[in-house]
Each structure stands twice: as structure tokens, then as C-alpha cells.
Amino acid sequence: MIELRNLEKRYANPQTGQDFYAVRDLSLTFPDGQITALLGPSGCGKTTTLRMINRLIEPTGGQILIDGADVLAGRPEALRRRIGYVIQQIGLFPHLTVEQNVATVPDLLGQPKGKTRERVRELLGLVGLEPAQFAHKRPAELSGGQAQRVGVARALAADPPVLLMDEPFGALDPLARDHVQDAFLDIQRRLKKTIVMVTHDIDEALRMGDRVALLRGGELAQFGTPDDLVRRP
Ligand code: ADP
Ligand code: ADP
Numbered sequence: 235m236i237e238l239r240n241l242e243k244r245y246a247n248p249q250t251g252q253d254f255y256a257v258r259d260l261s262l263t264f265p266d267g268q269i270t271a272l273l274g275p276s277g278c279g280k281t282t283t284l285r286m287i288n289r290l291i292e293p294t295g296g297q298i299l300i301d302g303a304d305v306l307a308g309r310p311e312a313l314r315r316r317i318g319y320v321i322q323q324i325g326l327f328p329h330l331t332v333e334q335n336v337a338t339v340p341d342l343l344g345q346p347k348g349k350t351r352e353r354v355r356e357l358l359g360l361v362g363l364e365p366a367q368f369a370h371k372r373p374a375e376l377s378g379g380q381a382q383r384v385g386v387a388r389a390l391a392a393d394p395p396v397l398l399m400d401e402p403f404g405a406l407d408p409l410a411r412d413h414v415q416d417a418f419l420d421i422q423r424r425l426k427k428t429i430v431m432v433t434h435d436i437d438e439a440l441r442m443g444d445r446v447a448l449l450r451g452g453e454l455a456q457f458g459t460p461d462d463l464v465r466r467p
């Protein structure tokens, strides 16, 4: 379980000399094995929140706990193995094959090649890319949706219990997005990762999220199940 307690990110504005809050007094819990969607318009603090969880951005206040342990007390590098990160521009290595891209983290960790190869093929199957057909392709030979699936497989290859996803389906056309979302929900039903997913798309949040956190101006405006969110009082 990930817990944010009064999390805050403040930036100094050199023009006015006044501080500006990208995220303010944010307290939120992301339950294990569930997808929580961080929803809200551009600039409301979604990406800043997400990046504070894996310490790509350092908070100016508050706490982040993962399974009760204080994330901000340890070394940021220690987090990277436990937390996968998927972004819209997935940045596959163009000179590596699909298989080599997915194997990046296990290779870096020095895991046995044979075992990694087996796992990579399993993951490609899981994201709906037939290994025999795709393992040896290069990123330039893939469609946007296929590349995005490789990005998901690569994030899963390190087998992190936590996955942070920033607009993971944002770059896809509507048809490909439907497919990749379905494939992803299918995987999640089996893997039960703890997922925080940033989106500005309310349909995506309601479809993918077990819980939805609505942000407005860096603060939590609403939090609940998709049903809670759309039900009018
Ligand atoms: P992305 O969402 O592509 O990861 P960033 O996290 O770099 O992009 O930026 C997110 C938002 O914050 C954007 O709207 C950007 O214009 C704004 N932003 C980024 N850096 C600064 C900065 N130094 N000063 C003001 N606004 C910034
Ligand atoms: P979102 O992901 O919801 O689009 P962000 O978290 O990227 O929003 O940004 C929240 C606010 O913080 C925005 O107003 C953005 O311009 C501002 N911001 C983001 N990064 C910086 C930065 N490095 N310096 C100053 N302001 C920033």
C-alpha cells in the first residue's frame, strides 16, 4: 500500500517572489493490487504527484509511505527496482530489438540470460505480441500500439510490485487505445500490481480505475470508486 500524507511540492516564482504550489496538502492511499487513476485537467499536479512517488521529483513537504516504510528516508535508487514507470513517450531503444528492449532491466540486474529470455517471451505473449513474430523486430517496425505494449512489457520485466503510469495510452488512436487498455486490464487481473495511473481522460479513469482521485489546483477534490464519482448526490 502506498500512502501519501500531506504531500506538498512548492516552487518559488522568481518574478513575484511568492511560492507556488504544484501539489498541496495531498493525503491519499493507493490500495495494493488496484489501479488508482489520478484524474484532472492539465496543470493540476498529476505528473508532479506521480514523480514524487519514485523521487524523480523531491517533495517540499509531507510523507510518502510504501508498506509503512518512509520512502523519503532511503536512497532514490533503491526505489527504482520496486517501482516500474511507464510514460506516454515510452522511448524504446531504437537500435535494440523488442526482446532486448524488454530484457533491459533484468540484464542490468545481471539475471541469468536463459531465464530472462523465457520471461521476456512470456511477457510479450501477455501483452498480445506473438514472440515468434515480434521478438526480433526493431522499434521502427512497430505501430504505436505495438510499441506501447512493448513499453508495458519492459516495465513488467523487472516484476515491480508497483507501477506508475503517466498517460500510458495517451499517444494511441482510439481503436488501438481500446485494444491496449483491454489487454492491460486482462494482465492486471492476473498480476494484481499496485498501479497509479495519471490521465486527463475521464472515460479512461472510469474504465481503468478501481479508484479515482480527482485533483484540482494541486489539491484533492474527490476520491472514490468510479460509481461514487459519477453518482450525483
Ligand atoms: P511532461 O508532462 O511532459 O512530463 P513536465 O513534467 O516537464 O512535462 O512539465 C509538466 C508541466 O509543467 C508542463 O505544463 C510544463 O510547461 C510545466 N513546467 C515544467 N517545468 C517548468 C518550469 N521550470 N517552470 C514552469 N513550468 C514548468
Ligand atoms: P499535470 O500533470 O496535472 O498536467 P503537473 O504536475 O505537470 O500537472 O504540473 C502542476 C503545476 O506545476 C503546473 O502549473 C505546472 O506548470 C507547474 N510545474 C511543474 N513543474 C514545474 C517546475 N519544475 N517549476 C515550476 N512549476 C512547475
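If you count the sequence shown from 1, you need to add 234 to reach the working numbering.
The beta-carbon is built from N, C-alpha and C at its ideal position, and this holds for glycine as well.
Any non-hydrogen atom of ligand 2 within 8 Å of residue i CB
| i | result |
| --- | --- |
| Ala256 | yes |
| Val432 | yes |
| Tyr319 | no |
Local Cβ density within 10 Å of residue i, reported as buried at 16 or more and exposed below that
| i | result |
| --- | --- |
| Gln382 | buried |
| Pro248 | exposed |
| Lys347 | exposed |
| Val396 | buried |
| Lys427 | buried |
| Arg289 | buried |
| Gly267 | exposed |
| Val339 | buried |
| Gln380 | buried |
| Pro394 | buried |
| Phe264 | buried |
| Val354 | buried |
| Ala246 | exposed |
| Val464 | exposed |
| Ala389 | buried |
| Leu471 | The structure shown does not extend to residue 471, since the chain spans only 235 to 467, so no value can be given for it. |
| Gly274 | buried |
| Leu241 | buried |
Proximity below 9 Å, CB of residue i to CB of residue j
| i | j | result |
| --- | --- | --- |
| Pro402 | Ile321 | yes |
| Ile291 | Ile236 | no |
| Leu358 | Ala369 | yes |
| Asp412 | Val432 | no |
| Val556 | Leu330 | In the structure as shown, the chain begins at 235 and stops at 467. Residue 556 is therefore absent and cannot be evaluated. |
| Lys243 | Leu449 | no |
| Gly378 | Ala405 | yes |
| Gly452 | Ala256 | yes |
| Thr270 | Leu262 | yes |
| Arg315 | Ala392 | yes |
| Gln326 | Ala447 | Rather than Gln, the amino acid found at residue 326 in this sequence is Leu. No, the Cβ-Cβ distance between Leu326 and Ala447 is not below 9 Å. |
| Ile317 | Leu398 | yes |
| Arg351 | Leu299 | no |
| Ala417 | Gly458 | no |
> Are at least three pairs of beta-carbons, each pair with one atom in the segment 290-306 and one in the segment 429-449, less than 8 Å apart?
Replying inline: no
> Residues near ligand 2, CB to any non-hydrogen atom under 6 Å, in chain order?
Replying inline: Tyr245, Ala256, Gly274, Ser276, Gly277, Cys278, Gly279, Lys280, Thr281 and Thr282
> Should the segment 379-397 be called in touch with the segment 329-337, which here means at least 3 C-beta pairs below 8 Å?
Replying inline: yes
>> Between the segment 403-423 and the segment 249-262, can you find at least three pairs of beta-carbon atoms closer than 8 Å?
In response: No: the two stretches stay apart, fewer than three of their Cβ pairs being nearer than 8 Å.
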